[in-house]
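Shown next, in structure tokens, is the structure this report addresses.
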Amino acid sequence: MSIDDQNMVLALLTQAMLGAISSNFRMVVIDLDRPVWPISFFLEKDSAIDREEIEEITSTFEVGMMDVDIPCAGFKAEVFVIPVTQPLPEAPGMKVFLKREAQ
0 MSIDDQNMVL ALLTQAMLGA ISSNFRMVVI DLDRPVWPIS FFLEKDSAID
50 REEIEEITST FEVGMMDVDI PCAGFKAEVF VIPVTQPLPE APGMKVFLKR
100 EAQ
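Numbering follows numbering that gives the first Met the number 0, in which position 56 of the sequence shown is assigned residue number 55; successive positions increment by one, without gaps.
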């Protein structure tokens, strides 16, 4: 995948997340090196409202991907709940969102 295609995918995902990220989100990562792209959402605590927002984000991202000519076998959303007292894992892929947290 070209750098232009990668940038377009990241822009579409970022656009899909506009207004949907709450203070409960810790990190969002997408791995474009896999056939089916995992989009990993890391939350501080489980929340039905945030899970609904994640569904909305992925739906909006899917619609955006229909408008571009970028080969994609699909993507899947993964939700991980990791309390702020625990460090975030080193997730493969590109960070699209990372919450600033006290050290």
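Here a beta-carbon is modelled for each residue, glycine too, at the ideal position from N, C-alpha and C.
Computed from a predicted structure; not experimentally measured.
Inset, instruction - Given a cut-off of 8 Å, decide if MET26 and PHE41 are closer than it, judged by their beta-carbon atoms. - result: Residue 41 sits at position 42 when you count from the first residue of the sequence shown. Residue 26 sits at position 27 when you count from the first residue of the sequence shown. Contact: yes.
Inset, instruction - List the whole-angstrom C-beta distance separating VAL83 from GLU100, where the pair is believed to meet the contact cut-off of C-beta under 8 Å. - result: Counting from 1 along the sequence shown, the entry for residue 83 is found at position 84. Counting from 1 along the sequence shown, the entry for residue 100 is found at position 101. Their Cβ separation, rounded to whole angstroms, is 7 Å, which keeps VAL83 and GLU100 in contact under 8 Å.
Legend entry - Contact check, ILE56 vs ASP4, beta carbons under 8 Å: For the purposes of this step, residue 56 is identified with residue 57 of the sequence shown, where counting begins at 1. For the purposes of this step, residue 4 is identified with residue 5 of the sequence shown, where counting begins at 1. Going by C-beta atoms, ILE56 is not nearer than 8 Å to ASP4.
Inset, instruction - Measure the alpha-carbon distance for VAL80 versus GLY73 and round it to whole angstroms. - result: For the purposes of this step, residue 80 is taken as residue 81 along the sequence shown, with counting starting at 1. For the purposes of this step, residue 73 is taken as residue 74 along the sequence shown, with counting starting at 1. Using only the alpha carbons, I get a separation of about 23 Å.
Inset, instruction - Specify, as a first and last residue, the run of the beta strand (DSSP E) that ALA76 falls within. - result: The residue you call residue 76 lines up with position 77 of the sequence shown. From DSSP, the beta strand (DSSP E) with ALA76 extends over 74-80.
Inset, instruction - Tell whether a beta-carbon distance below 8 Å holds between VAL95 and LEU12. - result: Indexing the sequence shown from 1 puts residue 95 at position 96. Indexing the sequence shown from 1 puts residue 12 at position 13. In this structure, LEU12 lies closer than 8 Å to VAL95 by Cβ.
Inset, instruction - Please name the residue, chosen from GLU52, SER39, CYS71 and SER21, that lies closest to VAL28 on a Cα-to-Cα basis. - result: Stepping through the sequence shown from its first residue, residue 28 is reached at position 29. Of GLU52, SER39, CYS71 and SER21, the residue nearest in Cα terms is SER39.
Inset, instruction - Would you mind sorting MET0 into buried or exposed? The rule is 16 or more other CB atoms within 10 Å of its CB. - result: Mapped onto the sequence shown, residue 0 falls at position 1. Burial call: exposed.
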